[in-house]
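S.K.: With the numbering used here applied, the sequence shown covers 18 to 79.
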Amino acid sequence: MKSLGQRPKEEELLKMVRDVSEDPIYDTIEFNEFLQMMSKQQKYGLDEESIKEAFNLNQKDL
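1) Under three-state DSSP, which class holds D40?
2) So, using beta-carbon positions, are V37 and Q23 closer together than 7 Å?
3) What's the C-alpha gap between L79 and T45?
4) Under the three-state reduction of DSSP, which class applies to K69: helix, strand or coil?
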């Protein structure tokens, strides 16, 4: 998210994740859920390609 210029507070991020997560037990999301979550941020000028690029950059850090 930092790659996309997003810096939500931990509480905000947790709420965003829980809003889209299909896993009721763990606070984790899959890539498609991440895209869904970030698509809600489109009002800030993010496009799907930028989101995918940022996600790929983060995967390299693992």
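Just so you know, even glycine gets a beta-carbon here, dropped at the ideal spot from N, CA and C.
The structure displayed is predicted, hence computed values, not measured ones.
M.R.: According to the data block:
1) It is coil, neither helix nor strand.
2) Their beta carbons are not under 7 Å apart, which means V37 does not touch Q23 by this criterion.
3) Summary for L79: the model assigns pLDDT 49, below 50, so the residue's position carries little reliability; its value from the coordinates is reported in the next sentence. C-alpha separation (whole angstroms): 16 Å.
4) Correct three-state label for K69: helix.
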